[in-house]
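Engineer: These protein sequence lines map, in sequence, to chains A and B. Using my numbering, read the first sequence as starting at 1 and increasing by one per residue. Using my numbering, read the second sequence as starting at 329 and increasing by one per residue. Quick one: structure below, then a few questions.
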Amino acid sequence: MQKGVGYYLWVGVFFLGLLALCAFLYYATLKIDYVWRWYRIPQYFFYENSVEIKSDTDGSVSAITAEGEDALIRVREAGGGETTFRVPAKGVAVEAGDMVFAGDTLSSHRQWEIGILLQGLWLTLKVSVVAIVFGVLIGMVAGLARVSANPAFKWSSIAYIELIRRSPLWVQIFIWYFVLGTLINTLLARQGLNQIPPLWFGVAALAGFTGAYVAEMVRAGIQSIHRGQTEASRSLGMTYVQSMRHVVLPQAMRRILPPLAGQFISLIKDSSLLGIIAIRELTKATREVVTTSLQPFELWFVCALLYLVLTFSLSMLLQFVERRTLVQ
Amino acid sequence: MIAVSNIYKTFFAPHKVQALVNVTNEIKPGEVVVVIGPSGSGKSTFLRCLNRLENADSGHILIDGIDILDPKTNINKVRAEVGMVFQSFNLFPHKSVLANITLAQQVVRKRSKNDAHKKAMELLEKVGIQDKAGVYPDQLSGGQQQRVAIARALAMDPKVMLFDEPTSALDPEMIGEVLDVMKNLAREGMTMVVVTHEMGFAREVADRVIFMDHGAVVEEGTPEHFFTNPTHSRTKLFLSQIL
Numbered sequence: 001m002q003k004g005v006g007y008y009l010w011v012g013v014f015f016l017g018l019l020a021l022c023a024f025l026y027y028a029t030l031k032i033d034y035v036w037r038w039y040r041i042p043q044y045f046f047y048e049n050s051v052e053i054k055s056d057t058d059g060s061v062s063a064i065t066a067e068g069e070d071a072l073i074r075v076r077e078a079g080g081g082e083t084t085f086r087v088p089a090k091g092v093a094v095e096a097g098d099m100v101f102a103g104d105t106l107s108s109h110r111q112w113e114i115g116i117l118l119q120g121l122w123l124t125l126k127v128s129v130v131a132i133v134f135g136v137l138i139g140m141v142a143g144l145a146r147v148s149a150n151p152a153f154k155w156s157s158i159a160y161i162e163l164i165r166r167s168p169l170w171v172q173i174f175i176w177y178f179v180l181g182t183l184i185n186t187l188l189a190r191q192g193l194n195q196i197p198p199l200w201f202g203v204a205a206l207a208g209f210t211g212a213y214v215a216e217m218v219r220a221g222i223q224s225i226h227r228g229q230t231e232a233s234r235s236l237g238m239t240y241v242q243s244m245r246h247v248v249l250p251q252a253m254r255r256i257l258p259p260l261a262g263q264f265i266s267l268i269k270d271s272s273l274l275g276i277i278a279i280r281e282l283t284k285a286t287r288e289v290v291t292t293s294l295q296p297f298e299l300w301f302v303c304a305l306l307y308l309v310l311t312f313s314l315s316m317l318l319q320f321v322e323r324r325t326l327v328q
Numbered sequence: 329m330i331a332v333s334n335i336y337k338t339f340f341a342p343h344k345v346q347a348l349v350n351v352t353n354e355i356k357p358g359e360v361v362v363v364i365g366p367s368g369s370g371k372s373t374f375l376r377c378l379n380r381l382e383n384a385d386s387g388h389i390l391i392d393g394i395d396i397l398d399p400k401t402n403i404n405k406v407r408a409e410v411g412m413v414f415q416s417f418n419l420f421p422h423k424s425v426l427a428n429i430t431l432a433q434q435v436v437r438k439r440s441k442n443d444a445h446k447k448a449m450e451l452l453e454k455v456g457i458q459d460k461a462g463v464y465p466d467q468l469s470g471g472q473q474q475r476v477a478i479a480r481a482l483a484m485d486p487k488v489m490l491f492d493e494p495t496s497a498l499d500p501e502m503i504g505e506v507l508d509v510m511k512n513l514a515r516e517g518m519t520m521v522v523v524t525h526e527m528g529f530a531r532e533v534a535d536r537v538i539f540m541d542h543g544a545v546v547e548e549g550t551p552e553h554f555f556t557n558p559t560h561s562r563t564k565l566f567l568s569q570i571l
């Protein structure tokens with residue numbers, strides 16, 4: 001169909017509306033004397049850190065020798081001992097013969113480091129990927145149990161799914177951290193074992209949460225496969241497990257894949273709740289930066305944008321994978 | 329081969345239906361038995377009870393002397409000996425024609441890939457579509473799909489074949505090709521139980537015709553007896569309606 005003048009007129013209306021909204025927002029922030037300082041934002045992605053290496057002993061610098069990119073500074077102590085410091089050659093701030101005291105700077109140089117927002121983004125991605133992997137595993141098992149005729153399997157699965165789906169994720173994270181976490185870590189401590197860091201309870205909460213939804217998808221996928229498929233495979237003499245494995249599940253998986261991709265996207269967004277148990281993912285990182293920088297408007301927009309970039313590129317990637325598997 | 333005695337089957341969902349009422353019958357090796365009757369008469373249920381796709385409520389079904397209603401019977405072993413062909417083909421859409429035929433051979437019969445492959449190609453030749461081995465079921469016509477389904481069942485070397493209205497979902501011009509395959513099978517001495525509305529097939533191929541109505545066997549006999557001289561009034565009514 002040819003697109004007439006009217007079409008482009010309304011496209012124009014859309015962009016004008018968008019512009020007007022931004023302008024209005026900007027105007028309103030000026031009214032409350034908010035000062036936009038976008039230039040302060042990049043430092044939370046990458047920043048140049050100055051690294052100083054200090055002496056921890058008194059004495060005199062006896063020799064400085066280069067060793068590749070590094071330099072070795074030898075400090076002879078008054079008592080006769082000698083300490084060697086390895087520092088980057090370009091940052092050496094003392095000369096041979098200088099007197100140094102504990103706390104004096106031997107070397108200082110600047111280096112680029114990854115800012116807190118990118119660290120948070122990376123943790124968000126990492127937590128989501130680990131949680132989706134475990135979530136899919138849990139969901140597969142629970143989904144298969146859900147369609148099983150065995151009441152022990154079936155009812156366990158229903159209990160798990162209903163319990164998870166009928167309570168808020170926020171509460172589940174608290175239960176994992178404050179109840180199960182305390183319980184497990186206290187028991188581990190009594191056995192003299194290492195503690196499990198909060199991150200893993202957060203991941204467990206997300207994986208358990210996702211598992212329940214994946215289980216329902218697996219159940220729906222399996223039940224969407226026509227009964228004739230099971231009848232045909234079983235009447236050939238296949239067992240229930242063989243029929244599931246070779247006939248029903250391969251067909252069901254193709255139907256599960258699209259909603260699974262959607263679940264992964266949701267999981268990334270839900271991981272923002274992990275901040276409440278002190279896991280510094282993207283949202284928590286943003287909150288910390290806001291308290292130090294006092295630039296909440298810019299930072300929350302940036303935070304939302306980072307989630308958007310993450311989820312959008314992932315959904316593109318998953319769509320690509322989906323198309324590839326459907327062709328085969 | 330198959331001995332059915334006094335089986336009953338009642339369905340409760342969606343509403344209570346007595347699908348089988350005291351059905352007793354015996355099918356001898358090499359016999360071709362055609363089951364006919366109006367829709368809802370229980371003929372499909374009867375057939376599906378023979379490999380326990382439906383569980384009969386009571387009675388006994390012996391396949392080669394094995395009571396399949398005995399909970400201790402390994403039904404999978406029995407089913408491997410009983411081929412079944414469905415009205416809606418039920419081919420596996422995610423597998424090629426060849427893989428449809430080799431799957432159960434490898435998984436159930438534990439044949440090697442090569443043996444299964446060889447067997448599949450022989451059977452495809454037998455049903456006349458050896459050139460379609462590599463394609464997927466949705467690229468075949470209904471008649472071709474049903475012939476693949478027959479080959480898939482035959483690949484297990486069954487002792488008996490059950491056909492559940494194998495031509496009812498086919499366009500008229502494709503019915504012949506499927507019936508021809510079945511006729512050849514009958515000629516080779518395969519024991520067959522066929523639920524069908526194809527009276528021509530019954531007349532030509534059947535050793536015995538069973539007429540069912542309201543879940544019970546009303547009348548049975550040779551095709552000559554059945555089509556020329558039926559005794560029961562319900563049989564006469566049915567035949568007058570379809571012939």
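Think of the CB as a built atom: it goes at the ideal place given N, C-alpha and C, for glycine as much as any other residue.
When the Cα atoms are used, what is the spatial distance from W300 (chain A) to K154 (chain A)?
Structural biologist: Here residue 300 (chain A) refers to the residue found at position 300 when the first sequence is read from its first residue. Here residue 154 (chain A) refers to the residue found at position 154 when the first sequence is read from its first residue. Taking the straight line from one Cα to the other gives about 44 Å.
Engineer: List, in order along the chain, the chain A residues whose C-beta lies closer than 8 Å to that of P399 (chain B)?
Structural biologist: Residue mapping note: residue 399 (chain B) aligns to position 71 of the second sequence, counting from 1. Those do not exist, as P399 (chain B) stays about 14 Å from chain A at its closest Cβ, beyond 8 Å.
Engineer: Quick one, which residues of the segment 228–243 of chain A are near chain B if we go by CB-CB under 7 Å, in chain order?
Structural biologist: Those residues of the segment 228–243 of chain A that come within reach of chain B (Cβ to Cβ, closer than 7 Å) are G228, Q229, E231, A232, R234, S235, L236, G237, M238, T239 and Q242.
Engineer: List the residues of chain A whose Cβ lies closer than 8 Å to the Cβ of P408 (chain B), in chain order.
Structural biologist: As a working note, residue 408 (chain B) is residue 80 in the second sequence. The sequence as given places Ala at residue 408 (chain B); Pro does not occur at that position. Simply L236 and G237.
Engineer: Apart from the five residues on each side of it in sequence, which residues of its chain come closer than 7 Å, Cβ to Cβ, to N523 (chain B)?
Structural biologist: Counting from one through the second sequence, the residue named residue 523 (chain B) turns up at place 195. The amino acid occupying residue 523 (chain B) in the given sequence is Val; Asn does not appear at that position. Excluding sequence neighbours, V523 (chain B) sits near V363, K371, S372, L375, F491, D492 and E493.
Engineer: Select from B:G528, B:V410 and B:R380 the residue whose C-alpha is nearest the C-alpha of D398 (chain B).
Structural biologist: Within the second sequence, residue 398 (chain B) is the residue found at index 70, counting from 1. Closest by alpha carbon: B:R380.
Engineer: Using the rule of at least 16 other Cβ atoms within 10 Å of the residue's Cβ for burial, across every protein chain shown, is I570 (chain B) buried or exposed?
Structural biologist: Along the second sequence, one-based indexing puts residue 570 (chain B) at 242. The residue is exposed, with fewer than 16 neighbouring Cβ atoms inside 10 Å.
Engineer: Restricting to Cα atoms, I'd like to know which of A:V75, A:F209 and A:V248 is closest to P168 (chain A).
Structural biologist: Reading the first sequence from its first residue, position 168 is the one you call residue 168 (chain A). P168 (chain A) has its Cα closest to that of A:F209, out of A:V75, A:F209 and A:V248.
Engineer: Helix, strand or coil: how does DSSP classify P558 (chain B) here?
Structural biologist: In the second sequence, residue 558 (chain B) corresponds to position 230, counting from 1. Here P558 (chain B) sits in coil by DSSP.
Engineer: Apart from the five residues just before and just after F46 (chain A), which ones in its own chain have a Cβ nearer than 6 Å to its Cβ?
Structural biologist: Stepping through the first sequence from its first residue, residue 46 (chain A) is reached at position 46. Excluding positions up to five away in sequence, the list reads W112 and G115.
Engineer: Along chain B, which residues have their Cβ under 8 Å away from the Cβ of P250 (chain A)?
Structural biologist: Translated into the one-based positions of the first sequence, residue 250 (chain A) becomes position 250. Under the 8 Å cutoff, chain B gives H422.
Engineer: Taking P296 (chain A) and V290 (chain A) to be in contact with their CB atoms under 8 Å, please state how far apart those CB atoms are, rounded to whole angstroms.
Structural biologist: In the first sequence, the residue the question calls residue 296 (chain A) occupies position 296. In the first sequence, the residue the question calls residue 290 (chain A) occupies position 290. About 5 Å separates the two Cβ atoms, so the contact holds.
Engineer: Residues in its own chain within less than 6 Å of E354 (chain B) by CB, not counting five upstream and five downstream?
Structural biologist: The sequence position of residue 354 (chain B) within the second sequence is 26, counting from 1. So the list reads A331, once near-sequence residues are dropped.
Engineer: The alpha helix (DSSP H) that contains G17 (chain A), what's its start and end?
Structural biologist: One-based indexing of the first sequence puts residue 17 (chain A) at position 17. Run containing G17 (chain A): V5 to K31, per the alpha helix (DSSP H) assignment.
Engineer: Can you give me the Cβ contacts of Q458 (chain B) inside the same chain, cut-off strictly under 7 Å, excluding the 5 residues immediately before and after it?
Structural biologist: Here the question's residue 458 (chain B) lines up with position 130 in the second sequence. So the qualifying residues of the chain are M449 and L452.
Engineer: Answer with yes or no whether the minimum CB distance from V289 (chain A) to chain B is below 8 Å.
Structural biologist: Start at 1 with the first residue of the first sequence, and residue 289 (chain A) comes out as number 289. Answer no: the Cβ-Cβ gap between V289 (chain A) and chain B never drops below 8 Å.
Engineer: Does the beta carbon of Q473 (chain B) sit closer than 8 Å to a beta carbon anywhere in chain A?
Structural biologist: The residue labelled residue 473 (chain B) in the question sits at position 145 within the second sequence. No, Q473 (chain B) does not count as interfacial toward chain A.
Engineer: Distance, Cα to Cα, E67 (chain A) vs A261 (chain A)?
Structural biologist: Counting from 1 along the first sequence, the entry for residue 67 (chain A) is found at position 67. Counting from 1 along the first sequence, the entry for residue 261 (chain A) is found at position 261. When rounded, the distance between both Cα atoms is 52 Å.
Engineer: Can the beta-carbon of R255 (chain A) be found less than 8 Å from the beta-carbon of S224 (chain A)?
Structural biologist: Residue 255 (chain A) sits at position 255 when you count from the first residue of the first sequence. Residue 224 (chain A) sits at position 224 when you count from the first residue of the first sequence. Going by C-beta atoms, R255 (chain A) is nearer than 8 Å to S224 (chain A).
Engineer: What does DSSP give as the partner residue(s) for F339 (chain B) in the beta ladder?
Structural biologist: Here residue 339 (chain B) is taken as the residue at index 11 of the second sequence, counted from 1. B:V345.
Engineer: With 16 other CB atoms within 10 Å as the buried threshold, where does A23 (chain A) fall?
Structural biologist: Numbered from its first residue, the first sequence carries residue 23 (chain A) at position 23. Exposed: under 16 other Cβ atoms inside 10 Å.
Engineer: Quick one: using the 10 Å Cβ neighbour count with 16 as the cut-off for buried, is G471 (chain B) buried or exposed?
Structural biologist: Reading the second sequence from its first residue, position 143 is the one you call residue 471 (chain B). That one is buried.
Engineer: How far does the beta strand (DSSP E) with W112 (chain A) in it reach, from first residue to last?
Structural biologist: In the first sequence, the residue the question calls residue 112 (chain A) occupies position 112. W112 (chain A) -> beta strand (DSSP E) spans T105 to I114.
Engineer: For P399 (chain B), name the three-state secondary structure that DSSP assigns.
Structural biologist: In the second sequence, the residue the question calls residue 399 (chain B) occupies position 71. P399 (chain B) falls in the coil class under three-state DSSP.
Engineer: With a threshold of 7 Å on Cβ separation, who are the neighbours of V509 (chain B) within its own chain once the five nearest residues in sequence on each side are excluded?
Structural biologist: Within the second sequence, numbered from 1, the residue matching residue 509 (chain B) stands at position 181. Cβ within range, chain order: V455, R475 and I478.
Engineer: Can you give, in chain order, each stretch of the beta strand (DSSP E) that sits fully within the segment 512–536 of chain B and has at least 3 residues?
Structural biologist: Entirely contained in the segment 512–536 of chain B, the beta strand (DSSP E) runs reaching 3 residues are, in chain order, 519–523.
Engineer: Decide if Y27 (chain A) is buried, meaning its Cβ has at least 16 other Cβ atoms within 10 Å, or exposed.
Structural biologist: What you label residue 27 (chain A) is simply residue 27 of the first sequence in a count that begins at 1. Exposed, since its Cβ has fewer than 16 Cβ neighbours within 10 Å.
Engineer: So, does the CB of V321 (chain A) fall closer than 8 Å to a CB anywhere in chain B?
Structural biologist: Taking the first residue of the first sequence as position 1, residue 321 (chain A) is located at position 321. Chain B contact via Cβ: absent.
Engineer: Measure the Cβ-Cβ separation of Q229 (chain A) and V248 (chain A) and say whether it is below 8 Å.
Structural biologist: Here residue 229 (chain A) refers to the residue found at position 229 of the first sequence. Here residue 248 (chain A) refers to the residue found at position 248 of the first sequence. A contact, by the Cβ cut-off of 8 Å.
Engineer: Would you kindly work out how many angstroms separate the C-alpha atoms of S424 (chain B) and A461 (chain B), rounded to a whole number?
Structural biologist: Residue mapping note: residue 424 (chain B) aligns to position 96 of the second sequence, counting from 1. Residue mapping note: residue 461 (chain B) aligns to position 133 of the second sequence, counting from 1. Spanning the two alpha carbons is a distance of roughly 7 Å.
Engineer: Would DSSP call Y464 (chain B) helix, strand or coil?
Structural biologist: Taking the second sequence and counting its residues from 1, one reaches residue 464 (chain B) at position 136. Y464 (chain B): coil per DSSP, three-state reduction.
Engineer: In angstroms, rounded to a whole number, what distance separates the CA positions of T556 (chain B) and M244 (chain A)?
Structural biologist: Here residue 556 (chain B) corresponds to residue number 228 of the second sequence, with the count starting at 1. Here residue 244 (chain A) corresponds to residue number 244 of the first sequence, with the count starting at 1. Spanning the two alpha carbons is a distance of roughly 48 Å.
Engineer: If you draw a straight line from the C-alpha of L118 (chain A) to the C-alpha of Q172 (chain A), how long is it?
Structural biologist: Residue numbering aside, residue 118 (chain A) sits at position 118 when the first sequence is read from its first letter. Residue numbering aside, residue 172 (chain A) sits at position 172 when the first sequence is read from its first letter. Cα-Cα distance, rounded: 27 Å.
Engineer: Opposite F491 (chain B) in the DSSP bridges: which residues?
Structural biologist: Within the second sequence, numbered from 1, the residue matching residue 491 (chain B) stands at position 163. For F491 (chain B), which the question treats as bridged, DSSP gives the partners B:V413 and B:V522.
Engineer: Below 8 Å between beta carbons: does that hold for V435 (chain B) and H226 (chain A)?
Structural biologist: By one-based count along the second sequence, residue 435 (chain B) stands at place 107. By one-based count along the first sequence, residue 226 (chain A) stands at place 226. Against a cut-off of 8 Å, the Cβ pair of H226 (chain A) and V435 (chain B) comes out as no contact.
Engineer: Name, please, each residue of chain B whose Cβ falls closer than 9 Å to the Cβ of V247 (chain A).
Structural biologist: Your numbering for residue 247 (chain A) matches position 247 in the first sequence. Neighbours of V247 (chain A) on chain B, chain order: F420, H422, K423 and L431.
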